[in-house]
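A.B. asks:
Residue numbers (the numbering used here): 18 to 342.
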């Protein structure tokens with residue numbers, strides 16, 4: 018679906034055109050939009066996903082400036098990086114807002130089958146075919162190395178996507194597509210996904226429990242599926258500046274500024290629970306708590322305007338890194 022995201026952007030976006038994107042938003046989508054010189058305008062989210070009133074305000078602001086909005090990009094189910102899910106009521110409201118303003122919706126759904134606590138709301142595409150392009154992938158439910166996904170689009174757009182894809186790669190790999198087709202025909206892929214849900218649920222629970230034990234005064238999202246937890250630090254802590262000190266303690270995360278086009282998210286960070294085991298997750302959060310508490314002490318002791326020292330990581334086999342990025 019990454020390729021489809023690029024093709025859609027290539028088809029629709031001219032330099033200076035506006036792309037509306039939830040805040041925070043998928044980092045690679047931001048990179049793609051920037052590569053085509055789009056003007057990325059963020060729309061605020063909360064624990065229930067994209068905020069309809071914020072979308073209305075963004076549309077009004079962009080329209081008043083005389084700019085063209087090409088589409089709204091959203092990961093409505095278990096979003097990356099926030100881990101939140103857009104409620105069904107909001108999905109319908111956002112579709113109506115976009116329909117009434119002639120705005121295409123680009124719905125990216127790589128995590129939708131990886132739910133832990135009951136099925137999420139239906140896709141936006143399920144109730145609006147003409148105004149929604151839906152992107153899906155096998156990278157989270159089978160293997161990322163196959164690089165196979167799909168796009169559901171209105172007929173006229175689909176034909177243009179096919180031509181653009183042929184121009185870009187001539188012929189996609191038929192081998193990987195045949196492998197996936199055979200897997201879907203002969204394997205118990207639904208049972209495999211159910212196994213994944215159990216594994217990731219356990220790891221999600223381990224991360225939330227460790228955050229509550231080691232960093233109880235911070236706030237974070239509690240995802241009901243997907244891979245990610247979004248953590249809010251104290252206002253005076255810069256997650257990007259703190260990262261070298263975290264790496265020195267052999268723990269990694271992704272700073273929040275990566276998920277905004279405008280440099281916001283300074284005191285945010287994304288944690289991933291998909292890869293480490295529960296024990297490593299707990300140890301990683303313990304190390305992270307040491308770093309954050311140390312950062313607090315430094316900021317209390319020294320002037321906040323004074324640069325803190327850059328440190329270089331060290332590692333040993335007896336003290337392996339905990340990658341939560």
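Backbone N, C-alpha and C define an ideal beta-carbon position, used for all residues, glycine too.
#1: Classify residue 175: buried if its beta carbon has 16 or more other beta carbons within 10 angstroms, exposed otherwise.
#2: Over what stretch of residues does the alpha helix (DSSP H) that includes residue 195 continue unbroken?
#3: Just to confirm my understanding: we take residue 343, look at its own chain, exclude 5 residues before and 5 after, and list those with CB closer than 8 Å. What are they?
#4: Can you list, in chain order, the residues of its chain with a C-beta nearer than 8 Å to that of residue 131? Leave out the 5 residues immediately preceding and following it.
#5: On the criterion of 16 or more Cβ atoms from any shown chain inside 10 Å, does residue 97 qualify as buried, or is it exposed?
#6: Between the Cα of residue 111 and the Cα atoms of 145, 78 and 48, which residue gives the shortest distance?
#7: Run through the DSSP bridge pairs and tell me what residue 58 is partnered with.
#8: Just the C-alpha distance for residue 138 and residue 107, rounded to the nearest angstrom, thanks.
#9: For residue 287, name the three-state secondary structure that DSSP assigns.
#10: Between residue 65 and residue 101, which are expected to be in contact by the criterion C-beta below 8 Å, what is the C-beta distance as a whole number of angstroms?
#11: Return the chain-ordered list of same chain residues with a C-beta closer than 8 Å to the C-beta of residue 63, the five sequence neighbours on each side being excluded.
#12: Have a look at residue 115 and residue 75 and give me their C-alpha separation to the nearest angstrom.
#13: Tell me whether the stretch 263-283 and the stretch 35-46 touch, counting them as touching only if at least three CB pairs, one residue from each stretch, are closer than 8 Å.
#14: Taking C-beta to C-beta, are residue 270 and residue 250 nearer than 8 Å?
#15: Locate the beta strand (DSSP E) running through residue 6, then write down its first and last residues.
#16: Less than 8 Å between the beta carbons of residue 124 and residue 150, yes or no?
#17: Please state whether the Cβ-Cβ distance between residue 55 and residue 168 is less than 8 Å.
#18: Who are residue 319's beta bridge partners in DSSP?
#19: One question on the structure: do residue 290 and residue 207 come within less than 8 Å of each other, judged by their Cβ atoms?
#20: CA-CA distance, residue 188 and residue 52?
#21: Can you find the residues in the same chain that come closer than 8 Å, C-beta to C-beta, to residue 178, ignoring five residues on each side of it along the sequence?
#22: Looking at the structure shown, is residue 260 part of a helix, part of a strand, or coil, going by DSSP?
#23: Applying the criterion that 16 or more other CB atoms from any shown protein chain within 10 Å of the CB defines a buried residue, is residue 186 buried or exposed?
#24: If we ignore side chains and look at the alpha-carbon of each, how far apart do residue 301 and residue 258 end up?
#25: Enumerate, from N- to C-terminal direction, the unbroken alpha helix (DSSP H) stretches of 4 or more residues contained entirely within the stretch 82-144.
C.D. replies: If we stick to the structure as given:
#1: Per the 10 Å Cβ criterion, exposed.
#2: Segment 191-203, the alpha helix (DSSP H) holding residue 195.
#3: The shown model of the chain, from 18 to 342, leaves out residue 343, and the question about it has no answer.
#4: The residues 95, 157, 158, 210, 213, 214, 217, 242, 243 and 244, in chain order, have a CB closer than 8 Å to that of residue 131 in the same chain once the five nearest residues on each side in sequence are set aside.
#5: Flag for residue 97 reads buried.
#6: Residue 111 has its Cα closest to that of 145, out of 145, 78 and 48.
#7: According to DSSP, which records beta bridges pairwise, residue 58 is partnered with 37.
#8: When rounded, the distance between both Cα atoms is 10 Å.
#9: The answer is strand: DSSP assigns residue 287 an E or B state.
#10: At roughly 7 Å, the Cβ-Cβ gap stays under 8 Å, so residue 65 and residue 101 are in contact.
#11: Correct list, in chain order: 101.
#12: The alpha-carbon atoms of residue 115 and residue 75 are separated by roughly 12 Å.
#13: Enough Cβ pairs lie closer than 8 Å, so yes.
#14: The answer is no: Cβ separation not under 8 Å.
#15: This structure cannot speak to residue 6, because the chain is shown only from 18 to 342.
#16: Remark: C-beta atoms of residue 124 and residue 150 approach each other more closely than 8 Å.
#17: In this structure, residue 55 sits away from residue 168, with a CB-CB distance that is not shorter than 8 Å.
#18: In the DSSP output, where bridge partners are listed per residue, residue 319 has none listed.
#19: Pairing residue 290 with residue 207 gives a Cβ-Cβ distance that is not under 8 Å.
#20: Taking the straight line joining both Cα atoms gives about 24 Å.
#21: The residues are 21, 24, 25, 28, 168 and 170.
#22: Residue state, collapsed to three classes: helix.
#23: Burial call: exposed.
#24: Near 19 Å, if we compare the C-alpha coordinates of residue 258 and residue 301.
#25: Counting whole runs of 4 or more residues, the stretch 82-144 contains the alpha helix (DSSP H) stretches 105-117.
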